Amino acid sequence: MEHSYFFIAMIYLAAAVIFIPIARKLGLGSVLGYLLAGVVIGPSLMGFIGQEGQDIMHFAEFGVVMMLFLIGIELEPALLWNMRAPILGLGGLQVLITTALITGLALLIGQPLNASLALGMTLSLSSTAIVLQSLKEKGQLGSSAGQSAFSVLLFQDIAVIPMLAIFPLLAGADTGNSAPHEHTLRDNLPAWAQTLVVLGAVTVIIVAGIYLVRPLLRVIAKARVRELFTAFALLLVVSISVLMSLVGLSPALGAFLGGVVLANSEYRHELESDIEPFKGLLLGLFFMAVGASIDFKLVLSMPWVILGLVVALMAIKAITLLILGKTFRISIEQNLLFAMALSQVGEFAFVLLSFTQQNNILPTNTVSIMTAVVALSMAFTPLLLLLHERLIQPRFNKKESANTREADEIHGKHPVIIAGFGRFGNIVGRFLRVNGIQATILDLDSDRVDALHNLGVKVYYGDASRQDLLAAAGAADAKVIIIAMDTVEQTLEVVKIVRKHFPHLQMLVKAENIPDTYELMDLGVLHIYRETLDTSLRMGADALQMLGVRAYHAQRSVNTFRKQDEKALKGLSAIRNDKKLYINTVKERIEELEKLMSSDRVSRWNPSTQGWDEQSMIDEANQD
Amino acid sequence: MAKILILFAHPALEKSRVHAQLLTAIRGMQGITLHDLYEVYPDMNIDVRHEQSLLLQHDIILFQHPLYWYSAPAIIKQWMDLVLEHGWAYGRTGTALRGKTAGNVISAGSQETAYHKEGWHRHTASEFMLPFRQTAALCNMQYIEPYVIYGTHKLNYSGISEAAIAYKQMLEQLRDGQLKIQ
């Protein structure tokens with residue numbers, strides 16, 4: 001089918017707009033949504049897009065390029081240097097061990113040595129795009145699993161340089177190179193010269209980045225035309241891609257390097273925000289292209305071979321990662337996430353596979369099977385992560401305290417128990433402490449507990465939703481429990497346990513937002529503290545003062561607003577299930593509040609400040 | 001040249017007719033420190049050490065405020081309760097304020113005639129300031145008669161302007177020692 005570019009664009013965009021909200025609603029994450037969208041519009045199902053899927057993939061790989069540029073730009077060389085241990089250790093070992101294992105396996109099956117090595121190296125890589133995007137969406141990039149995953153991915157991206165340099169050396173003597181493909185500068189060079197070209201290109205990027213791009217950025221910024229800056233940012237990434245493609249290198253890696261070179265530049269954030277939207281769209285396109293490129297005809301013709309390969313590959317990678325994670329002392333729960341997240345094969349594999357085909361390292365048949373395997377392993381990853389989130393993690397949270405880490409023994413009893421010592425509970429605890437009030441602190445995040453121990457803060461590891469643990473923490477004799485767990489689910493759990501087993505304890509409970517507040521109200525909690533309410537109002541008061549409003553007025557205004565807001569919330573909680581009534585009442589409350597506040601501001605007095613008003617006295621005096 | 005500290009209190013200056021103009025008239029005067037209590041301590045959380053050091057740096061302390069219920073707005077009382085510490089402002093060792101001068105600058109809604117033995121309020125403005133007078137005495141300070149702007153309920157804009165100019169002149173004389181203090 002011949003379609004115009006606009007038609008194809010329309011299909012892709014429509015698929016994204018339809019599938020992503022559904023995927024998110026189902027809790028599947030956008031990556032899986034894009035992949036599914038790709039499968040549906042691809043040649044195997046609806047066939048809206050056919051062979052051009054491959055072309056689009058080339059185009060969409062540009063999204064990965066931009067992603068790596070952005071990752072690079074967020075990584076200052078110094079930060080990169082700080083991470084050298086996990087990058088080199090964890091990442092290096094992962095690539096080496098996985099490569100060795102897969103190469104050995106391929107040899108066992110009877111592949112020649114050079115093909116086995118190429119396969120080993122290719123399949124040892126994981127998908128930066130899928131892993132980082134998925135972890136970012138779940139907010140797990142900052143966790144120890146996320147950090148470790150990033151280190152490994154980074155090493156893999158770097159490892160692509162030597163791989164691309166080694167691949168030509170693996171090519172058989174009969175390099176006929178008959179397959180038509182993009183010609184690169186190094187096609188007709190001897191192997192050693194090709195290796196030199198690769199290293200030369202990398203050097204060019206670093207040197208140009210420092211001595212050419214930075215001064216240029218300054219000039220462009222001075223022009224003060226926003227589009228010009230965006231254009232330049234794009235030009236930069238495109239140029240790097242062209243240069244890298246020219247020498248047959250991975251554009252993504254070049255972009256990453258370019259990003260790192262510019263990480264210290266004062267235009268870093270500008271570049272970031274200019275490229276970000278392009279990255280998002282192209283990355284989505286990339287995921288869809290991956291989905292569309294899964295050749296279901298091939299898969300169905302030999303389902304067990306391909307599925308077996310996918311499962312075996314992912315298992316090998318995951319087990320290697322698990323063992324490495326354990327060696328690097330990642331906690332079991334995080335280690336599982338780490339291993340599952342990185343168990344797929346990455347997008348570089350597509351590049352490397354076509355490369356091996358061009359260089360006659362692997363036969364065409366093997367390449368197409370492996371391409372399907374790679375795409376499937378990528379498609380499985382979001383599913384695996386979903387599995388981890390839904391099935392493994394919750395079970396783990398409960399089990400962890402029982403199996404891997406015993407809840408700490410608690411010494412000394414205090415009138416206050418703090419359940420959850422994150423950024424919120426932390427401040428409450430510090431405040432009580434300076435007021436001479438000792439609290440028994442429980443926290444579920446083992447990394448945080450250890451970190452606090454190092455700071456000399458006495459925090460007990462343990463799940464506050466366990467009755468026995470609360471009892472051990474002295475709940476029977478305590479007066480007050482401050483509940484500030486990381487998630488609402490945990491918070492509600494603790495509230496229920498306290499209500500059931502320690503009804504005498506006064507609960508002070510943190511809520512993140514209004515729905516949480518309602519749920520807590522339903523449970524009969526009287527003292528609810530919305531996380532950002534007071535800070536926001538304090539900021540509002542400061543803003544008023546900067547605009548010339550008197551400090552005392554701003555202060556009273558904050559008090560009035562908070563009181564009204566809390567009162568309104570209590571009333572709204574009862575009717576929140578009647579959507580229409582709820583919305584109308586919210587509108588009314590907003591109006592009421594505005595009226596009340598403006599009466600205080602403009603002409604008539606708030607009843608509470610009536611005493612200072614002299615207007616009625618002036619009126620009376622002038623009547624005489 | 002004496003240094004004057006004006007401890008100003010008005011909980012809603014943004015709505016004030018009289019004091020807003022008084023402040024405009026005296027702002028930036030040499031030797032005069034204007035200290036707006038409600039603006040500095042909107043939460044009533046008075047920094048006692050800072051207030052005491054301010055007092056030490058000045059010779060004449062004036063409380064400027066509208067007359068509320070024959071007295072000053074709440075923050076002035078809070079200020080006195082906290083800042084005039086025993087052992088610092090009064091008591092055997094409390095000599096920090098010895099020899100300084102204190103007084104009130106007040107605005108009153110009624111006319112001067114209402115502040116008389118036979119008038120509506122049955123006492124003079126000076127009599128109502130008795131707690132201030134005795135506080136000053138206890139702190140070994142000299143209390144000057146209150147400076148009162150009467151009849152503010154009936155003052156129009158130009159009337160208030162005149163009062164503001166007069167106030168400024170009074171402060172100049174006080175500062176330069178030309179005003180006789182009984």
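Residue numbers (the UniProt record's numbering), protein chains in the order written: chain A, 1 to 624; chain B, 1 to 182.
Even for Gly, the Cβ is constructed at its ideal location relative to N, Cα and C.
Values in this document were obtained by computation on a predicted structure and should not be read as measured data.
The Cβ of B:A12 sits closer than 7 Å to at least one Cβ of chain A. DSSP links A:A419 through a beta bridge to A:L442 and A:I483. Excluding its 5 nearest sequence neighbours in each direction, A:I87 has C-beta neighbours in its own chain below 7 Å: S151, L154 and F155, listed in chain order. Per DSSP, the continuous beta strand (DSSP E) segment holding B:L34 begins and ends at I32 to D36.
With a threshold of 16 other beta carbon atoms within 10 Å, A:M10 falls short and is exposed. Neighbours of B:D47 in chain A, taken as residues at a C-beta separation under 7 Å, are lacking, since the least C-beta distance is about 14 Å.
Checking the DSSP bridge columns, you'll see B:Q64 partnered with B:F8 and B:V105. Annotation for B:L67: I106 and A108 place their beta carbon closer than 6 Å to its own, counting only its chain and skipping 5 residues before and after.
The three-state secondary structure of A:Y34, taken from DSSP, is helix. With 16 or more other Cβ atoms from the protein chains shown falling within 10 Å of its own Cβ, A:K317 counts as buried.
At the C-beta level, A:G120 and A:T99 come within 7 Å of one another. For the set A:V351, A:H388 and A:I306, the Cα lying nearest the Cα of A:V373 is the one of A:I306.
In terms of Cα proximity to A:M46, the closest of A:G291, A:V261, A:G258 and A:I330 is A:G291. Here A:N335 is buried. Its C-beta has 16 or more other C-beta atoms within 10 Å. Listed as beta-bridge partners of B:Q142 by DSSP are B:T101. Per DSSP, reduced to three states, the secondary structure at A:I294 is coil, with no helix or strand assignment.
Note that the region 196-212 of chain A touches the region 158-165 of chain A; at least 3 beta-carbon pairs, one per stretch, sit closer than 8 Å. Short of 7 Å from the beta carbon of A:A375, and not among the five residues preceding or following it, lie these beta carbons of its own chain, in chain order: V290, S293 and I294. Under the DSSP assignment, A:L135 falls outside any beta strand (DSSP E), being part of the alpha helix (DSSP H) whose first and last residues are T128 to E137.
Secondary structure of A:Q357 (DSSP, three-state): helix. When Cβ-Cβ separations below 7 Å define contact, B:Y115 makes no contact with chain A. Among the CB atoms of chain B, none fall inside 7 Å of the CB of A:M546. Using a Cβ distance threshold of 7 Å, A:S134 and A:L385 count as a contacting pair. Counting only the Cα atoms, A:D443 lies some 16 Å from A:S143. With respect to A:R550, B:E51 sits apart: the two C-beta atoms are not nearer than 7 Å.
Within the same chain, Cβ atoms closer than 8 Å to the Cβ of A:V495 are found at I483, M507, V509, L520, L523 and V525, the five residues on either side in sequence being excluded. Counting along the chain, B:I46 sits inside no beta strand (DSSP E), nor does DSSP assign it H or E at all. With at least 16 other beta carbons inside 10 angstroms of its own, A:T128 counts as buried. Contact of B:K154 with chain A by beta-carbon distance below 7 Å involves A621 and N622.
A:M507 is bridged by DSSP to A:I481. Under the Cβ distance rule, B:E118 does not count among the residues neighbouring chain A, no pair being separated by less than 7 Å. Nearest neighbour of A:E276 by Cα position, chosen from A:G259, A:E266, A:S265 and A:N264, turns out to be A:G259. Contact between the region 129-145 of chain B and the region 97-104 of chain B is present: 3 or more CB-CB pairs across the two stretches fall below 8 Å. The residue among A:K138, A:G146, A:L169 and A:V64 with its C-alpha nearest the C-alpha of A:R390 is A:K138. In this structure, A:A439 sits near A:G429, with a CB-CB distance shorter than 7 Å. In this structure, A:H553 is the residue among A:I528, A:Y529 and A:H553 with its C-alpha nearest to the C-alpha of A:G540.
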